[in-house]
Amino acid sequence: MARKTLIAGNWKMHLNHLEAIACVQKLAFALPEKYYDKVDVAVFPSFTSIRSVQTLIEGDKLLMVHGAQDLSQHDSGPYTGDVSGPMLAKLGCRFVIVGHSERREIHHEDDVIVNAKVRAAFRNGIAPVLCVGEGLEVREAGRHVEHTTAQLSAALQKVTPEQAQSLVVAYEPVWAIGTGRVATPADAQEVCAALRATIAGKYGDELAGGVRVLYGGSVKAKNIGEIVAERDVDGALVGGASLDADEFAQICAIAA
Ligand code: PEP
Numbered sequence: 005m006a007r008k009t010l011i012a013g014n015w016k017m018h019l020n021h022l023e024a025i026a027c028v029q030k031l032a033f034a035l036p037e038k039y040y041d042k043v044d045v046a047v048f049p050s051f052t053s054i055r056s057v058q059t060l061i062e063g064d065k066l067l068m069v070h071g072a073q074d075l076s077q078h079d080s081g082p083y084t085g086d087v088s089g090p091m092l093a094k095l096g097c098r099f100v101i102v103g104h105s106e107r108r109e110i111h112h113e114d115d116v117i118v119n120a121k122v123r124a125a126f127r128n129g130i131a132p133v134l135c136v137g138e139g140l141e142v143r144e145a146g147r148h149v150e151h152t153t154a155q156l157s158a159a160l161q162k163v164t165p166e167q168a169q170s171l172v173v174a175y176e177p178v179w180a181i182g183t184g185r186v187a188t189p190a191d192a193q194e195v196c197a198a199l200r201a202t203i204a205g206k207y208g209d210e211l212a213g214g215v216r217v218l219y220g221g222s223v224k225a226k227n228i229g230e231i232v233a234e235r236d237v238d239g240a241l242v243g244g245a246s247l248d249a250d251e252f253a254q255i256c257a258i259a260a
């Protein structure tokens with residue numbers, strides 16, 4: 005099944021709401037509309053910038069979409085500081101990043117929490133961009149496929165086939181995130197293909213053939229071309245380089 009390339013920009017804890025507006029405006033100017041036929045473009049601002057970004061995208065009828073970087077596994081309740089799926093859905097979020105390695109490491113989010121968050125996203129009609137990836141030790145021990153497919157299987161517990169249709173998976177080797185050390189295209193293909201096979205094992209080939217599997221980790225304009233040329237890599241989750249609207253636009257254009 006044909007899968008439309010997706011380029012997702014994870015702004016992490018950068019850009020206040022005024023800077024976020026400026027970044028979206030620059031990106032809209034730098035990426036001509038014709039590219040959106042071939043590539044979906046999504047930006048992931050901080051919670052505090054989502055409303056401003058939503059207003060700009062919807063008001064100016066921009067072709068990019070926006071998402072959030074995390075969500076609570078609960079839909080409401082006494083969870084001070086958390087942000088729920090219903091709140092994000094109300095803000096027009098189409099996607100939400102779940103299980104990013106920074107949240108797994110810094111906030112100790114384990115596979116059980118990641119699974120609960122994936123289900124919260126689906127329950128609220130938001131497509132999770134589920135991040136999986138191995139650390140350096142696991143890679144050097146040659147256990148990266150086993151590790152990432154186990155993370156994926158755990159995250160998909162109790163997820164129905166109807167929900168899984170809108171799943172996005174991002175293979176993000178931890179050793180490549182923010183380090184400038186990018187996986188080789190063959191490394192990315194090996195894991196992305198294994199992740200797709202895992203989805204096929206649970207939901208069948210047809211469904212798996214429609215799920216977008218992204219690569220993330222030090223993606224730049226200079227390396228995106230060879231990465232998305234791989235058969236099972238359907239786009240990229242871009243961190244640092246997405247903060248520069250011109251470079252991010254170039255990444256989107258090359259991937260299109
Ligand atoms: C990320 O944070 O998801 C990421 C891939 O970061 P970077 O592109 O900066 O490595």
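Note that my numbering has the sequence shown beginning at 5, numbered continuously upward. Note that CB positions come from ideal geometry on N, CA and C, so glycine has one too.
- A straight-line Cα-Cα distance of about 15 Å links A168 and R98.
- Beta bridge pairing from DSSP links D44 with L10.
- Your pair A32 and V242 does not check out as a contact, with CB atoms roughly 17 Å apart and the cut at 8 Å.
- By the CB criterion at 9 Å, A225 and A240 fall outside the cutoff.
- Within the model, the alpha-carbon separation for K8 versus S53 is close to 27 Å.
- Within 8 Å of the C-beta of S222 there is at least one heavy atom belonging to the ligand PEP.
- One alpha carbon belongs to H148, the other to G137, and they sit about 8 Å apart.
- Distances taken from the Cβ of I130 to the heavy atoms of the ligand PEP include none shorter than 8 Å.
- The beta-carbon separation of G89 and R127, rounded to 6 Å, stays under the 8 Å limit for a contact.
- Excluding its 5 nearest sequence neighbours in each direction, K30 has C-beta neighbours in its own chain below 6 Å: A249, listed in chain order.
- Look at C97 here: in three-state DSSP terms it is coil, with no helix or strand label.
- Where G205 is concerned, the enclosing alpha helix (DSSP H) starts and stops at 189-207.
- Positions of the beta strand (DSSP E) runs, each at least 3 residues long and wholly inside the segment 135-193, are given as 172-175 in order along the chain.
- Between the alpha carbons of G229 and D115 lies a distance of about 32 Å.
- In this model, A131 and A34 are separated by some 26 Å (Cα to Cα).
- Take the alpha-carbon of A212 and the one of H18: they are about 34 Å apart.
- A distance criterion of 8 Å places the beta-carbon of I181 in contact range of the ligand PEP, judged by its closest non-hydrogen atom.
- A distance of 9 Å or more separates the beta carbons of F51 and V102.
- Taking a contact to require three or more Cβ pairs closer than 8 Å, the segment 155-167 and the segment 187-197 do not qualify as touching.
- The nearest non-hydrogen atom of the ligand PEP is 8 Å or more from the C-beta of G103.
- Leaving aside the five residues that flank K206 on each side, the residues in its chain whose CB is nearer than 7 Å to its CB run, in chain order, L160.
- The continuous stretches of alpha helix (DSSP H) do not include L218, which lies in the beta strand (DSSP E) extending over residues 216-220.
- Residue pairing for V242: DSSP places it in a beta bridge opposite G13.
- DSSP places A260 in no beta strand (DSSP E); its state is neither H nor E.
- Nearest to G96 by C-alpha distance, out of G85, A204, G184, I61, is I61.
- L247 and D41 have their alpha carbons spaced roughly 23 Å apart.
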